[in-house]
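Taken in order, the sequence shown gives residues 16 to 158; the numbers are from this note's numbering.
Quick reminder that beta carbons are idealized off the backbone N, C-alpha and C, glycines included.
One structure is given here, and the rest of the page talks about it.
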Amino acid sequence: MRVDYDIAMEIASHEAIVRQAYKDSVGVWTWSVGLTSATGHIVDRYIGKSQSLEHCLRVYVWALDNYADAVRKAFAGIPLTKAQFAAALSFHWNTGAIERASWVKKFKAGDIIGARKAFMDWRKPASIIGRREKERDLFFEGK
């Protein structure tokens with residue numbers, strides 16, 4: 016599955032588009048649509064330096080494509096709906112943890128109830144709970 020406009024906008028709906036680097040809720044330098052240096056793009060270069068919206072979005076889509084590879088690998092051999100792919104990518108974008116998330120392992124093993132519950136193990140900081148609930152509902156209910 017490819018990252019399309021709908022998927023990119025689903026993830027962006029949990030973020031903000033910020034044209035200059037800022038510290039997020041846990042003190043990590045962040046820029047554009049939730050990018051940190053963990054994406055492979057050095058965010059520190061944007062401290063105090065506003066960028067064009069076009070540049071912010073171009074780098075965001077590039078980084079999403081890179082993150083999508085890990086999601087595809089984590090679910091290799093298991094067909095995902097577009098909603099499931101979007102939710103899993105949003106989770107990975109936010110946590111960087113698709114490879115080690117117990118909910119993924121449970122889902123792949125057919126333990127849907129356990130996977131749904133384990134999705135909410137990733138709820139820190141507390142301000143992320145609403146996002147995690149939306150991702151969980153999108154993945155398991157398609158809404």
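Endpoints, the beta strand (DSSP E) within which residue i is located
i     : result
Thr45 : Trp44 to Ser47
Tyr37 : Val33 to Lys38
Any chain D beta carbon closer than 7 Å to residue i
i      : result
Asp136 : Protein chain content of the structure displayed is limited to a single chain, and chain D is not contained in it.
First through last residue of the alpha helix (DSSP H) which encompasses residue i
i      : result
Ala83  : Leu68 to Ala89
Trp118 : Ser117 to Lys123
Tyr20  : Tyr20 to Ala27
Leu153 : Ile144 to Glu156
Ile127 : Ile127 to Phe134
Opposing strand residues paired with residue i [DSSP bridges]
i      : result
Leu104 : In the DSSP output, where bridge partners are listed per residue, Leu104 has none listed.
Leu50  : Trp46
Rounded distance between the beta-carbons of residue j and residue i, thought under 8 Å
i      : j      : result
Gln35  : Gln66  : 7 Å
Val58  : Leu50  : 6 Å
Ala101 : Leu153 : 6 Å
Ile32  : Val48  : 5 Å
Q | Stretch pair the segment 110 to 127 + the segment 56 to 74: three plus CB contacts closer than 8 Å | A | They do not touch, by the three-pair rule.
Q: Would you check if there are 3 or more beta carbon pairs closer than 8 Å linking the segment 37 to 54 to the segment 71 to 88?
A: yes
Q) Are the segment 102 to 110 and the segment 19 to 30 touching by the rule of at least three beta carbon pairs closer than 8 Å? A) yes
Q.
Count Cβ pairs between the segment 110 to 119 and the segment 78 to 98 that sit closer than 8 Å; are there 3 or more?
A. yes
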